[in-house]
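Notes follow the structure.
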Amino acid sequence: MQTLSLPDIAIRNARIVTATQAITGSLLVSQGKFADIHAGNAGLSGEDWYGDYLLPGLIELHTDNMEKHLMPRPKVNWPVLPAIIAHDAQIVAAGITTVLDAIAVGDIEPDSLRTQTLHSCVQGLSKAAQAGVLRADHLLHLRLELAEPELLQLFTPFLDDARLRLVSLMDHTPGQRQWTDLDHYRTHVTGKRGWSHEKVDQMLTLSLQRQQRHVAANRQQIVQLCRQSASRIPLASHDDTTLAHVLEGVADGVTISEFPTSLEAAQAARAHGLAIVMGGPNCVRGGSHSGNVSAMELARLGLLDIFSSDYVPASLLQAAFQLQNADYRLPAAIATVSRNPAQKLGLTDRGEIAPGLRADFLRVRLIDGMPVVLGVWKQGQKLF
């Protein structure tokens with residue numbers, strides 16, 4: 001088989017953000033990897049970036065952005081493959097070169113889109129990747145809704161999928177975790193989904209019944225399956241609110257706390273060594289849409305490790321730059337969307353600008369303080 005030869009790339013006069021510093025200098029890429037980084041231009045005659053930022057490609061560990069393309073309007077289902085292609089384009093335009101597509105396994109709503117598209121989405125991602133039409137690297141994050149009656153049957157076929165890099169344990173039953181405030185829940189579902197108050201009441205009753213019947217048993221069996229898997233799939237908890245939630249996750253071997261909803265939960269996660277993930281939209285908007293703890297508040301207290309774009313891909317880079325308002329140095333801020341998630345996911349070949357690592361990188365310019373992605377490269381090849 002013929003080895004693919006990748007062109008060398010020389011860049012000068014770029015503001016390069018490494019894991020430890022931001023320098024104005026030059027960079028050489030050879031055979032799809034970072035080769036040399038120098039302060040100053042080191043005699044290179046490469047492309048002049050005129051002081052634009054050169055950042056590592058962003059790594060997204062939890063986004064349900066694909067769902068918006070699968071259902072662009074309520075009750076409008078879009079074909080899976082075109083939805084995946086549109087999702088991929090939006091991801092790359094946001095500077096994300098590696099994405100864990102957070103695909104729901106089960107739902108608290110029996111008739112939701114998520115219960116209908118699990119297999120078609122996973123198969124569609126595989127088909128698109130094999131056809132060479134995806135620009136970002138797409139891996140899997142399976143979001144397991146623990147109240148789902150058929151959870152084990154739905155999840156087990158994907159247990160040995162090589163793309164599976166994260167499993168999160170979720171319980172979206174209203175009245176706790178993300179939806180502790182039922183008034184916020186009612187406002188959300190009546191506004192977003194057009195439900196009547198009578199339907200909300202019916203769903204609340206059904207959700208509580210399903211939680212009581214299935215959550216504990218499903219959780220125990222899923223944790224056991226993930227522990228026994230050959231790859232020891234990392235586990236994440238989701239929407240931890242209390243100390244008890246965090247301790248339950250620690251006992252199960254959880255290493256990541258996604259979107260803790262309270263200061264108490266975030267402090268407990270830090271005390272027990274969990275990586276804390278917060279939403280980029282929470283940071284950019286200045287607060288949680290569900291009325292929960294602010295990402296910026298946690299950042300100022302040193303209780304934030306990783307940002308996820310969640311439902312707005314462009315929020316990932318914006319949130320990282322906004323961390324400078326919480327006294328983060330730029331390398332530490334950028335690490336929340338590159339190096340830190342790479343390390344937690346075991347992606348040791350990427351996540352920062354350093355010799356020998358994959359040349360996944362971005363050209364970014366600030367316009368009125370807003371980071372704008374001007375170009376994206378993956379393994380030294382320009383995506384746009």
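Using my numbering, read the sequence shown as starting at 1 and increasing by one per residue.
For every residue, glycine included, the Cβ atom is placed at its ideal position computed from N, Cα and C.
What you are looking at is a predicted structure, and each value in this text was computed from that prediction instead of being measured.
First through last residue of the alpha helix (DSSP H) which encompasses residue i
{"i": "residue 272", "result": "Segment: none, residue 272 is in no alpha helix (DSSP H) and carries neither H nor E."}
{"i": "residue 250", "result": "243 to 252"}
{"i": "residue 390", "result": "The displayed coordinates of the chain run from 1 to 384. Any statement about residue 390 would go beyond what the structure contains."}
{"i": "residue 339", "result": "339 to 345"}
{"i": "residue 325", "result": "Counting along the chain, residue 325 falls outside any alpha helix (DSSP H), and DSSP gives it neither H nor E."}
{"i": "residue 56", "result": "Unbroken run through residue 56 is the beta strand (DSSP E), 53 to 56; no alpha helix (DSSP H)."}
{"i": "residue 68", "result": "65 to 70"}
{"i": "residue 155", "result": "151 to 155"}
{"i": "residue 29", "result": "Taken as a continuous stretch (DSSP letters only), residue 29 belongs to no alpha helix (DSSP H), being part of the beta strand (DSSP E) at 22 to 30."}
{"i": "residue 162", "result": "Segment: none, residue 162 is in no alpha helix (DSSP H) and carries neither H nor E."}
{"i": "residue 297", "result": "295 to 300"}
{"i": "residue 280", "result": "280 to 285"}
Residue i versus the options, residue with shortest Cα-Cα distance
{"i": "residue 142", "options": "103, 56, 248, 25", "result": "103"}
{"i": "residue 276", "options": "252, 240, 290", "result": "240"}
{"i": "residue 282", "options": "292, 274, 47", "result": "292"}
{"i": "residue 58", "options": "321, 329, 356, 122", "result": "321"}
{"i": "residue 367", "options": "39, 305, 32, 51", "result": "51"}
{"i": "residue 263", "options": "207, 242, 370, 249", "result": "242"}
{"i": "residue 13", "options": "7, 19, 28", "result": "28"}
{"i": "residue 315", "options": "286, 340, 332, 342", "result": "286"}
{"i": "residue 48", "options": "313, 10, 21, 370", "result": "10"}
{"i": "residue 251", "options": "117, 159, 81, 224", "result": "224"}
{"i": "residue 92", "options": "312, 334, 341", "result": "312"}
{"i": "residue 153", "options": "131, 118, 173", "result": "118"}
{"i": "residue 231", "options": "163, 265, 207", "result": "163"}
{"i": "residue 211", "options": "149, 89, 100", "result": "149"}
{"i": "residue 101", "options": "116, 122, 254, 227", "result": "122"}
{"i": "residue 55", "options": "255, 72, 227, 21", "result": "21"}
Chain-order list of residues whose beta-carbon lies under 8 Å from that of residue i (same chain, five-residue window excluded)
{"i": "residue 151", "result": "105, 106, 144, 145, 214, 218, 222"}
{"i": "residue 272", "result": "246, 247, 250"}
{"i": "residue 120", "result": "80"}
Backbone CA spacing between residue i and residue j [nearest angstrom]
{"i": "residue 166", "j": "residue 45", "result": "42 Å"}
{"i": "residue 171", "j": "residue 17", "result": "38 Å"}
{"i": "residue 62", "j": "residue 280", "result": "11 Å"}
{"i": "residue 124", "j": "residue 41", "result": "44 Å"}
{"i": "residue 290", "j": "residue 157", "result": "33 Å"}
{"i": "residue 74", "j": "residue 308", "result": "25 Å"}
{"i": "residue 326", "j": "residue 334", "result": "13 Å"}
{"i": "residue 147", "j": "residue 139", "result": "25 Å"}
{"i": "residue 203", "j": "residue 109", "result": "8 Å"}
{"i": "residue 301", "j": "residue 76", "result": "42 Å"}
{"i": "residue 19", "j": "residue 364", "result": "17 Å"}
{"i": "residue 266", "j": "residue 6", "result": "44 Å"}
{"i": "residue 374", "j": "residue 30", "result": "21 Å"}
{"i": "residue 349", "j": "residue 341", "result": "12 Å"}
{"i": "residue 380", "j": "residue 206", "result": "51 Å"}
{"i": "residue 132", "j": "residue 360", "result": "18 Å"}
{"i": "residue 33", "j": "residue 358", "result": "5 Å"}
{"i": "residue 2", "j": "residue 329", "result": "Residue placement at residue 2 cannot be trusted, given a pLDDT of 46 that sits under 50; what the coordinates show is reported in the next sentence. Distance between the alpha carbons of residue 2 and residue 329: 44 Å."}
{"i": "residue 60", "j": "residue 208", "result": "32 Å"}
Unbroken beta strand (DSSP E) run spanning residue i, endpoints
{"i": "residue 82", "result": "It is not in any beta strand (DSSP E) - residue 82 instead sits in the alpha helix (DSSP H) that spans 80 to 93."}
{"i": "residue 13", "result": "9 to 17"}
{"i": "residue 134", "result": "It is not in any beta strand (DSSP E) - residue 134 carries neither H nor E in the DSSP assignment."}
{"i": "residue 307", "result": "306 to 308"}
Close beta carbons around residue i, own chain, < 6 Å, minus the five adjacent residues each side
{"i": "residue 257", "result": "237, 240, 269, 274, 276"}
{"i": "residue 39", "result": "23, 25"}
{"i": "residue 383", "result": "92, 135, 376"}
{"i": "residue 310", "result": "279, 281"}
{"i": "residue 53", "result": "15, 364"}
{"i": "residue 385", "result": "Nothing can be reported for residue 385: it is not among the residues displayed for the chain, which extend from 1 to 384."}
Proximity test, residue i beta-carbon vs the ligand ATP heavy atom, cut-off 7 Å
{"i": "residue 58", "result": "The ligand ATP is not part of the structure shown, which contains no ligands of any sort."}
Sequence-distant residues of its chain with Cβ nearer than 7 Å to residue i (five each side left out)
{"i": "residue 278", "result": "259, 295, 298, 304, 307"}
{"i": "residue 84", "result": "66, 124, 125, 128"}
{"i": "residue 35", "result": "28, 29, 355"}
{"i": "residue 198", "result": "none"}
{"i": "residue 161", "result": "140"}
Cβ distance (whole Å) where residue i is taken to contact residue j below 8 Å
{"i": "residue 78", "j": "residue 87", "result": "About 10 Å; that fails the 8 Å criterion."}
{"i": "residue 347", "j": "residue 336", "result": "Not a contact, Cβ separation roughly 15 Å."}
{"i": "residue 137", "j": "residue 97", "result": "7 Å"}
{"i": "residue 351", "j": "residue 343", "result": "7 Å"}
Residue-level contact to chain C via CB, residue i, 8 Å cutoff
{"i": "residue 132", "result": "Looking for chain C here will not work: only one protein chain is present."}
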